[in-house]
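>
Chains as they are written, first to last, in the numbering used here: chain A, 12 to 285; chain B, 12 to 285.
1) Going by the CB atoms, is the gap between residue 163 of chain B and residue 224 of chain B shorter than 9 Å?
2) Let's see if you can read the secondary structure: which residues bound the beta strand (DSSP E) around residue 192 of chain B?
3) Chain C beta carbons: is any one of them nearer than 9 Å to that of residue 43 of chain B?
4) When DSSP labels each residue in this structure, what does residue 108 of chain B get in the three-state scheme?
5) Against chain A, with Cβ distances strictly below 9 Å, would residue 174 of chain B count as a contact?
6) What's the C-alpha gap between residue 29 of chain B and residue 81 of chain A?
7) Buried or exposed: residue 158 of chain B, going by 16 or more other Cβ atoms within 10 Å of its Cβ?
8) Should residue 68 of chain A and residue 92 of chain A be called a contact, given that it needs their Cβ atoms to be closer than 9 Å?
9) Compute the Euclidean distance between the alpha carbons of residue 245 of chain B and residue 239 of chain B, then round it to the nearest angstrom.
10) Spatial neighbours of residue 49 of chain B within its chain, please: CB distance less than 7 Å, with the 5 preceding and 5 following residues excluded, ordered by chain position.
11) Can you give me the Cβ contacts of residue 175 of chain B inside the same chain, cut-off strictly under 6 Å, excluding the 5 residues immediately before and after it?
12) Please list, in chain order, all residues of the same chain as residue 156 of chain A whose beta carbon is under 7 Å from its beta carbon, the five residues on each side excluded.
13) Within its chain, find whatever has a CB closer than 6 Å to the CB of residue 266 of chain A; leave out the 5 residues flanking it on each side and keep chain order.
14) Count the other CB atoms within 10 Å of the CB of residue 72 of chain B; is the residue buried (16 or more) or exposed (fewer)?
15) Kindly indicate which residue of B/36, B/172, B/254, B/166 has the alpha-carbon position closest to the one of residue 103 of chain B.
16) Distance check for residue 173 of chain A and residue 139 of chain B, CA to CA, integer angstroms please.
17) In terms of residue numbering, what span does the beta strand (DSSP E) encompassing residue 88 of chain B cover?
18) Sort B/280, B/252, B/270, B/284 by Cα distance to residue 20 of chain B and report the nearest one.
19) Can you list the residues of chain A that residue 110 of chain B reaches, using a CB-CB cut of under 7 Å?
20) Mind checking the region 215 to 245 of chain A against chain B and listing, in chain order, the residues whose C-beta falls within less than 8 Å of any C-beta there?
21) Kindly list, in the order they appear in chain B, the residues whose Cβ is closer than 8 Å to that of residue 138 of chain A.
22) CB residue 242 of chain B to CB residue 229 of chain B, shorter than 9 Å?
23) Listed from N- to C-terminal order along the chain, which residues in the region 61 to 85 of chain B have their beta-carbon within a distance smaller than 8 Å of any beta-carbon of chain A?
24) So which residues of chain B does residue 252 of chain A contact, with C-beta pairs closer than 7 Å?
25) Can you tell me whether residue 279 of chain B is buried or exposed? The criterion is at least 16 other CB atoms within 10 Å of its CB, across all chains shown.
26) Alpha carbon to alpha carbon, how far is residue 218 of chain B from residue 291 of chain A? Give it in angstroms, no decimals.
27) Taking only beta-carbon positions, decide if residue 152 of chain B is within less than 9 Å of chain A.
28) By Cβ distance, which residues of its chain are closer than 6 Å to residue 269 of chain B, with the 5 residues on each side in sequence left out?
29) Is the Cβ-Cβ distance between residue 66 of chain A and residue 249 of chain A less than 9 Å?
30) Could you name the residues of the region 114 to 133 of chain B whose beta carbon sits closer than 7 Å to any beta carbon of chain A, in the order they occur along the chain?
31) In three-state DSSP terms, what is residue 178 of chain A?
32) Could you tell me which residues DSSP pairs with residue 25 of chain B in its beta bridges?
33) Determine the extent of the beta strand (DSSP E) in which residue 135 of chain A is found, giving its start and end residues.
34) Would DSSP call residue 40 of chain A helix, strand or coil?
35) Against chain B, does residue 34 of chain A count as a neighbour if the rule is that its beta carbon must be under 9 Å from one of theirs?
36) The alpha helix (DSSP H) with residue 160 of chain B in it runs from where to where?
Right, dumping it as structure tokens:
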């Protein structure tokens, strides 16, 4: 399969930079008048997918909101992955997995590649156990033409202390961006990308040198503005998507309203990143 | 339900400090002559449980090795959780989950409490997004009498750079231990514990002040010795378990051999920690 970063560029040039976040929390299901059970979850997914198709190229289901229903929730997730990808959507599984060696490899088997039970186009991971420990996941992704997004600078405030701790010549987040860049360049690929909150201020040099795709959360509801996107992320060589969850799904439970809200976001984001 | 730390003390005083790690990797299934599919997984679990019962009080299934088989693998995990807990074993789900706010809460719903589909006695989490972001999981655990183990000093080498980065007056791992202690003391509980590799060298003061239970991996196959356990972890006030996975399961596929191997480890560990 074509490498993920290239597929991401194709999807965003066709539809725009929006990644529709699918976060079926108890609160969101309630706001759509849906029961907080697997049937409500399935209904949420059906309407969300209908609202996404034709308006966005990329969606990001938040895995925790399926896992909370156990097996029936994960069956809905599996259906979503299969249906969405069959219809041409790119799917980023927001699972924030993390482990070492053979365990990291097992997460690769679960989420990446044509034989993966929860096959996605890309997977989010967290780096606390070290980037090196995640290399089996990176390899699985490279082989499958999938992508990995390492959470580097999260959009929430509670992570700032750890993420800005001093590591070598810079901060933890700068060090990670640098190490990701080393990995990508040494493999002549853009397999490994980074999650960076829209409100964060990595230098354009650091992000460019990371040499992988960007997943940017925190636009809108978490305080990120079009101006921040423009000054921090416009004109970068990286493939990128901006994920919006609640501010998108709050248009529902109506596929047309979701499509129309998605189109508004696409216009705003295209303009900010032009 | 009685708080997890107290239940952990009861289990380890009855059986000893061993936590039997259940890591059904492709390699381990092959070494037991089992097929690398859900039927092989189920057979591995059945024999492992039989070998654990009566010899250990605590088991730790590695969730990735179930997730890699998709829904059928997770059905086996669910059966394991139910069966093991019904037979009085404490189960630590090694899932290393991590996320923020309502998403962290969803992981709590998935893994902790009497209505959780994958109900465990304790759950491992990673702290890259900040300890504060995990508070919904801590609260869910406290309410359910469950425990949380935050990965602080992992047993693998690739994590050392990040985990020893300079944060405030100390390292990332010292800072986290301190913050966990503040959380536990302010809630007058031992809900939140830490994962610390046996080969790591946190000070006894730092570990004691963390005021929660310890999960110690890396004994045996990853280089940790009885001497390291003795000098670093004996005599601490914390409830603790030492997890051993491959060196335990390599005694199989025979429940008696597993029980006998577990008893050997219990003797070694009891002596080291006396």
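Think of the CB as a built atom: it goes at the ideal place given N, C-alpha and C, for glycine as much as any other residue.
Looking at the atomic coordinates:
1) If you number the second chain from 1, residue 224 of chain B lands on position 213. If you number the second chain from 1, residue 163 of chain B lands on position 152. No, these two residues do not count as a Cβ contact at 9 Å.
2) In the second chain, residue 192 of chain B corresponds to position 181, counting from 1. The continuous stretches of beta strand (DSSP E) do not include residue 192 of chain B, which lies in the alpha helix (DSSP H) extending over residues 183 to 197.
3) Absent from the structure: chain C. Protein chains present are A and B.
4) Residue numbering aside, residue 108 of chain B sits at position 97 when the second chain is read from its first letter. In the structure shown, residue 108 of chain B sits in a strand (DSSP, three-state: E or B).
5) Here residue 174 of chain B corresponds to residue number 163 of the second chain, with the count starting at 1. Taking Cβ atoms only, chain A reaches closer than 9 Å to residue 174 of chain B, which makes this a yes.
6) Against the second chain, residue 29 of chain B aligns to sequence position 18. Against the first chain, residue 81 of chain A aligns to sequence position 70. Roughly 29 Å between the two C-alpha positions.
7) Along the second chain, read from residue 1 onward, the residue named residue 158 of chain B stands at position 147. Within 10 angstroms of the beta-carbon of residue 158 of chain B lie 16 or more other beta-carbons, which makes it buried.
8) Sequence index remark: in the first chain, residue 68 of chain A carries index 57 (1-based). Sequence index remark: in the first chain, residue 92 of chain A carries index 81 (1-based). For residue 68 of chain A and residue 92 of chain A, no; Cβs fall outside 9 Å.
9) Here residue 245 of chain B corresponds to residue number 234 of the second chain, with the count starting at 1. Here residue 239 of chain B corresponds to residue number 228 of the second chain, with the count starting at 1. Those two C-alpha atoms are separated by around 9 Å.
10) Taking the first residue of the second chain as position 1, residue 49 of chain B is located at position 38. The answer, listed in chain order, is 80, 83, 84, 87.
11) On the second chain, position 164 is the one that residue 175 of chain B refers to. Here the set comprises 182.
12) For the purposes of this step, residue 156 of chain A is taken as the residue at position 145 of the first chain. Cβ neighbours of residue 156 of chain A beyond the five flanking positions: 12, 13, 14, 15.
13) Here the question's residue 266 of chain A lines up with position 255 in the first chain. These residues qualify, in order along the chain: 58, 61, 62.
14) Within the second chain, the letter at position 61 stands for residue 72 of chain B. With 16 or more neighbouring CB atoms inside 10 Å of its own CB, residue 72 of chain B falls in the buried class.
15) Along the second chain, read from residue 1 onward, the residue named residue 103 of chain B stands at position 92. Cα-wise, what sits closest to residue 103 of chain B is B/254.
16) Numbered from 1 along the second chain, position 128 holds the residue referred to as residue 139 of chain B. Numbered from 1 along the first chain, position 162 holds the residue referred to as residue 173 of chain A. Whole-angstrom Cα-Cα distance: 7 Å.
17) To locate residue 88 of chain B, count along the second chain from 1; it is residue 77. Run containing residue 88 of chain B: none in the beta strand (DSSP E); it sits in the alpha helix (DSSP H), 81 to 97.
18) Counting from 1 along the second chain, the entry for residue 20 of chain B is found at position 9. Residue nearest to residue 20 of chain B within the set B/280, B/252, B/270, B/284 is B/252 (criterion: CA-CA distance).
19) Working through the second chain from its first residue, we reach residue 110 of chain B at position 99. The contacting residues are 75, 107.
20) From the region 215 to 245 of chain A, no residue has a Cβ closer than 8 Å to chain B.
21) The count along the first chain starts at 1 and reaches residue 138 of chain A at position 127. Correct list: 139, 173.
22) Within the second chain, numbered from 1, the residue matching residue 242 of chain B stands at position 231. Within the second chain, numbered from 1, the residue matching residue 229 of chain B stands at position 218. Annotated as distal: residue 242 of chain B and residue 229 of chain B, with beta-carbon spacing of 9 Å or more.
23) Taking 8 Å as the cut-off between beta carbons, the residues of the region 61 to 85 of chain B near chain A are 73, 75, 76, 78, 79, 80, 81, 82, 84, 85, in sequence order.
24) Sequence index remark: in the first chain, residue 252 of chain A carries index 241 (1-based). Residues of chain B passing the Cβ test: none, with the nearest at roughly 19 Å.
25) If you number the second chain from 1, residue 279 of chain B lands on position 268. The residue in question, residue 279 of chain B, is buried, as its Cβ has 16 or more Cβ neighbours within 10 Å.
26) With chain A running from 12 to 285 in the structure shown, residue 291 of chain A is simply not present.
27) The residue labelled residue 152 of chain B in the question sits at position 141 within the second chain. No, its Cβ sits nowhere closer than 9 Å to a Cβ of chain A.
28) Indexing the second chain from 1 puts residue 269 of chain B at position 258. Once the five neighbours on either side are set aside, the close Cβ partners of residue 269 of chain B are 62, 262, 263.
29) Taking the first residue of the first chain as 1, we reach residue 66 of chain A at position 55. Taking the first residue of the first chain as 1, we reach residue 249 of chain A at position 238. No Cβ-Cβ contact shorter than 9 Å links residue 66 of chain A with residue 249 of chain A.
30) When CB distances to chain A are screened at a threshold of 7 Å, the residues of the region 114 to 133 of chain B falling below it are 114, 117, 118, 120, 121, 128, 129, in chain order.
31) For the purposes of this step, residue 178 of chain A is identified with residue 167 of the first chain, where counting begins at 1. DSSP, reduced to helix, strand and coil, places residue 178 of chain A within a strand of the structure shown.
32) Taking the first residue of the second chain as 1, we reach residue 25 of chain B at position 14. None; residue 25 of chain B has no bridge partner.
33) Here the question's residue 135 of chain A lines up with position 124 in the first chain. Secondary structure note for residue 135 of chain A: its beta strand (DSSP E) is the uninterrupted segment 133 to 136.
34) Indexing the first chain from 1 puts residue 40 of chain A at position 29. In the structure shown, residue 40 of chain A sits in a helix (DSSP, three-state: H, G or I).
35) Taking the first chain and counting its residues from 1, the one referred to as residue 34 of chain A is at position 23. For residue 34 of chain A, the closest Cβ of chain B is nearer than 9 Å.
36) Along the second chain, read from residue 1 onward, the residue named residue 160 of chain B stands at position 149. Note, residue 160 of chain B: premise wrong, no alpha helix (DSSP H); beta strand (DSSP E) at 158 to 164.
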